[in-house]
Amino acid sequence: MNTDTVRFALFAEVFAALAHPKRLEIIHYLGEKQHTAGELTELTGLSKANVSQHLSILKARGLVHCDKCGTFCHYRLTSSEVLQTCEIVRHLILEQMDLTVASRQKLAEVVPLRKEPS
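So, in structure tokens, the structure goes:
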């Protein structure tokens, strides 16, 4: 496997980890401050097992780190760039939404090709 193939495969793995709404929600909360799995369970409404699965995926992709403190594990983002990446994607989505709205408005102004029967 050449280096470009490996690089793109790693990109795909990170974006796959970001492709779940609940994982994005977890990232949002961890962007505010570090949390335990129990706190994330309360914030997201997910079961503890489900939060744990999502955190495992985020940790495996290097997006989240666990700091052990006694019996608790405090989760935090590995870098502020994780949030910056999410923010860039959010802006792309908002731009697309604006383009879609603008396109619909322009299409609504177009005169139909054939007249509707009266």
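For the sequence shown, my numbering assigns the number 1154 to the initial residue and increments by one for each residue that follows.
Heads up, the beta-carbon is just placed ideally off N, CA and C, and yes, glycines get one too.
Taken through DSSP and simplified to helix, strand or coil, V1263 comes out as coil. With distances taken between CA atoms, L1199 lies nearest to R1176 out of A1213, H1218, C1219 and R1176. Pairwise C-beta distances place the stretch 1238-1251 out of contact with the stretch 1189-1207, as fewer than three of them are shorter than 8 Å. For R1229, the secondary structure class from DSSP, reduced to helix, strand or coil, is strand. The Cβ neighbour count for A1170, taken over all protein chains shown within 10 Å, is at least 16; the residue is labelled buried. Across the structure, R1229 and P1174 are spaced so that their CA atoms are roughly 18 Å apart. Look at K1221 here: in three-state DSSP terms it is strand. Within the stretch 1166-1197, there are no complete beta strand (DSSP E) runs of at least 3 residues.
In terms of Cα proximity to S1233, the closest of M1154, Q1187, A1165 and H1207 is Q1187. In the DSSP annotation of this structure, the continuous segment of the alpha helix (DSSP H) that includes L1208 starts and ends at K1201 to A1213. Around the beta carbon of V1242, a 10 Å sphere encloses fewer than 16 other beta carbons of the protein chains shown; the residue is thus reported as exposed.
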